[in-house]
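Enquirer:
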Amino acid sequence: MKKSFGTLVALVLIFSLVLAGCGGANNGNAANGGNTETPAAGANNSAADTSGPLTINQSLPDKEILSKGPDGEAAVSAKTLQLTPEELDKIKEGNYKAALAMHYAGNDWSTAQIRGLTDAFTRMGIEIVATTDANFKSEKQVSDIETILTKQPDIIVSIPVDPVSTASAYKKAAEQGVKLVFMDNKPNGMEHGKDYVSVVSADNYGNGVEAAHIMAKAIGEEGEIGVIFHDADFFVTKQRTDAFEKTIAEQYPNIKIVDRGGIAGPNDGEKVASAMLTKNPNLKGIFVVWDVPAEGALAAARAVGRNDLVITTIDLGTNVALDIAQGGMIKGLGAQLPYDQGVAEAILAAYSLLGKETPSYVAVPALQVTQENILDSWKTVYNTDAPETVQNAAK
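Going letter by letter, the sequence shown gives residues -20 to -1, 1 to 375 in mature numbering (1 follows the signal peptide of the UniProt record, and there is no 0).
The structure is reproduced here in structure tokens:
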């Protein structure tokens, strides 16, 4: 990680994707008191429908998007995006081709993104000619993009492993007229409207706010807590921690953040949490920046018999969902919506094909997840039922 800048940036992206359990391959990835509203169980995204306009899940709560984009720009809510039946018919006439260049495809976040993209592109009659997995290696992603370009796609949807070393490959694609839509981040030196269509992400700031409200409620709005943050300069994970800490400071004056510990990677959570608990025996809770290191914090607390510790985090992975369902130490989290994010990315690609104006940064709403709404939330996040283990635990 520290041996080279390229490695650092690659790992930064690995951790930021975090996304709904996106922090690791073993996973499933309200400013005024939070919002526990959850879409009705079984509420589906319209991407898989065969009639009507194409949108993301319109039953999601209407929330202000609090995150800012890679260049500090305000976000447009993905709920405002729409393709009419007439526009869908027009897209179908183009016989367009798309490709998906993933940073990593071996987790539930990526799987859900790909399903959302696939469902949406299917409704548009757009063929997906390639789906690649860079396995977190920037040089592999550059090679993947070169191979994709030989298939002459009209669209590439991608999340750059390294915004520096992959930039030239994406620029080459843009120069060839390929419509580029990015997940979460954009390559360095690329301009909206000229080189790429849009960047789409979760409302990471909003999810940090939700995690703060859950923490405050669980510890009775008073006591000492710790924060485990991502020790890297990446705007997605930084927004989560900033949001959590600001919400606690401004809305819960009797809660004090007495310790902060940084992690370089997803496997550092247990080590950092263990040191924090040893140093601060009176800690009532720990916020962890995403779910995989939160699993480490859970292990550290169990190791010292601190089953009363409260943990909150971001991203709905299988293991944290199971602990939430069981009423364990993880009391809740702010969840990303990767399926809807994929649908939004596909809609924006279609906007560009139609010559419609596209915002530079789009985000899907934040979602508060607790034991009370865990099964409905899983359905909302992944557009499928929760794993049987989580369903059984919730019963």
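All C-beta atoms in this analysis are idealised placements derived from N, C-alpha and C, irrespective of residue type, glycine included.
What you are looking at is a predicted structure, and each value in this text was computed from that prediction instead of being measured.
So who's on the other strand from MET163, going by DSSP bridges?
Expert: Answer by DSSP bridge pairing, in chain order: VAL180.
Enquirer: Note down, in chain order, each residue of its chain lying with its Cβ closer than 6 Å to the Cβ of TYR232, except the 5 sequence neighbours on either side.
Expert: Around TYR232: ALA196, GLU201.
Enquirer: Report buried or exposed for GLY4, applying the criterion of at least 16 other Cβ atoms within 10 angstroms of its Cβ.
Expert: A caution first: GLY4 carries a pLDDT of 38, below 50, which makes its placement in the model unreliable, though a value can still be read off. Per the 10 Å Cβ criterion, buried.
Enquirer: Bridge partners of MET82, per DSSP?
Expert: According to DSSP, MET82 bridges with ASP113.
Enquirer: So what's PHE224 in DSSP terms, helix, strand or just coil?
Expert: PHE224 falls in the helix class under three-state DSSP.
Enquirer: Could you pull the start and end residues of the alpha helix (DSSP H) that SER31 belongs to?
Expert: That residue, SER31, is in no alpha helix (DSSP H); it is neither H nor E in DSSP.
Enquirer: Taking all protein chains shown into account, decide if ASN363 is buried (16 or more other Cβ within 10 angstroms of its Cβ) or exposed.
Expert: It counts as buried.
Enquirer: Using the Cα positions of GLN156 and ASN87, report the straight-line distance between them to the nearest angstrom.
Expert: Cα to Cα, GLN156 sits roughly 31 Å from ASN87.
Enquirer: Whose CA, out of ILE237, LEU80, THR258, lies closest to the CA of GLU107?
Expert: Selected option, being the one with the closest Cα: LEU80.
Enquirer: Short of 7 Å in beta carbon distance, which residues of its chain neighbour THR369, apart from the five on each side in sequence? Order them along the chain.
Expert: Excluding sequence neighbours, THR369 sits near LEU302.
Enquirer: Kindly indicate the opening and closing residues of the beta strand (DSSP E) around LEU347.
Expert: 347 to 350 is the extent of the beta strand (DSSP E) around LEU347.
Enquirer: For the structure I just gave you, are there three or more beta carbon pairs, one from the stretch 345 to 356 and one from the stretch 307 to 327, closer than 8 Å?
Expert: Taking 8 Å as the limit for Cβ pairs, the verdict is that the stretch 307 to 327 does touch the stretch 345 to 356.
Enquirer: Helix, strand or coil for LEU257 per DSSP?
Expert: The answer is helix: DSSP assigns LEU257 an H, G or I state.
Enquirer: Taking the CB atoms as reference points, tell me whether GLY96 and ASP365 lie closer together than 8 Å.
Expert: In this structure, ASP365 does not lie closer than 8 Å to GLY96 by Cβ.
Enquirer: Looking only at its own chain, which residues have a Cβ that is under 7 Å from the Cβ of LYS133, when we skip the five neighbours before and after it?
Expert: For the sequence presented, residue 133 should be read as Pro rather than Lys. Cβ neighbours of PRO133 beyond the five flanking positions: LYS77, ALA78, ALA79, VAL109, VAL158.
Enquirer: Please say whether VAL342 and ALA58 have beta carbons closer to each other than 8 Å?
Expert: Cβ distance < 8 Å, so ALA58 and VAL342 count as in contact.
Enquirer: Leaving out the 5 sequence neighbours to the left and right, which residues in its chain are closer than 7 Å to ALA324 when beta-carbon positions are compared?
Expert: Cβ neighbours of ALA324 beyond the five flanking positions: ILE36, ALA58, LEU61, VAL180, VAL342, VAL344.
Enquirer: Just to confirm the assignment, what range does the beta strand (DSSP E) spanning SER357 have?
Expert: Segment 354 to 362 is the alpha helix (DSSP H) holding SER357; no beta strand (DSSP E) there.
Enquirer: Between which two residues does the beta strand (DSSP E) carrying GLY157 extend?
Expert: Careful: GLY157 lies outside any beta strand (DSSP E) and carries neither H nor E.
Enquirer: Would you mind sorting ASN184 into buried or exposed? The rule is 16 or more other CB atoms within 10 Å of its CB.
Expert: ASN184 is buried by the Cβ-count criterion.
Enquirer: According to DSSP, is ILE125 helix, strand or coil?
Expert: Three-state DSSP puts ILE125 in a helix.
Enquirer: Does DSSP put ASP320 in a helix, a strand or coil?
Expert: ASP320: helix per DSSP, three-state reduction.
Enquirer: For my contact list, ILE291 and GLY265 are in at a C-beta cut-off of 8 Å; report their separation, rounded to the angstrom.
Expert: About 7 Å separates the two Cβ atoms, so the contact holds.
Enquirer: Please list, in chain order, all residues of the same chain as ALA277 whose beta carbon is under 6 Å from its beta carbon, the five residues on each side excluded.
Expert: GLY249, ALA253, ILE266, VAL268, ILE291.
Enquirer: On the DSSP bridge list, what partners appear for ARG286?
Expert: Paired residue(s): none; ARG286 is not in a bridge.
Enquirer: With distances taken from CA atoms, which of VAL207, ALA305, MET104, VAL284 is nearest GLU66?
Expert: GLU66 has its Cα closest to that of MET104, out of VAL207, ALA305, MET104, VAL284.
Enquirer: Please go through the same chain and pick out, in chain order, the residues whose beta-carbon is closer than 7 Å to the beta-carbon of ILE243, but skip the five residues on each side of it.
Expert: So the qualifying residues of the chain are ILE208, HIS210, ASP211, GLY249, VAL252, PRO273.
Enquirer: With 8 Å as the threshold, decide whether the Cβ of ASN184 is near any Cβ in chain B.
Expert: In the displayed structure, chain B is absent; only one protein chain is listed.
Enquirer: Please report the residue range of the beta strand (DSSP E) in which LYS241 lies.
Expert: Per the sequence shown, the amino acid found at residue 241 is Gly instead of Lys. Segment 235 to 243, the beta strand (DSSP E) holding GLY241.
Enquirer: Whole angstroms are fine: how far does the CA of ALA92 sit from the CA of ASP99?
Expert: One C-alpha to the other measures close to 11 Å.
Enquirer: Determine the DSSP secondary structure at PHE267, reduced to helix, strand or coil.
Expert: Strand at PHE267.
Enquirer: Is the stretch 120 to 138 touching the stretch 36 to 56 in the sense that three or more CB pairs, one from each, lie closer than 8 Å?
Expert: The stretch 36 to 56 is not in contact with the stretch 120 to 138.
Enquirer: Could you name the residues of the same chain whose beta carbon sits closer than 6 Å to that of THR111, not counting the 5 residues immediately before and after it, in chain order?
Expert: Same-chain partners within the cutoff: LEU80.
Enquirer: Starting from the Cα of LEU289, find the closest Cα among LEU347, ALA346, PRO261 and give me that residue.
Expert: LEU289 has its Cα closest to that of PRO261, out of LEU347, ALA346, PRO261.
Enquirer: Label GLU337 either buried or exposed according to how many other C-beta atoms from any shown protein chain fall within 10 Å of its C-beta, with 16 as the threshold for buried.
Expert: When all chains shown are included, GLU337 counts as exposed.
Enquirer: Assign ILE294 to one of three DSSP states: helix, strand, or coil.
Expert: DSSP places ILE294 in strand when its eight states are reduced to three.
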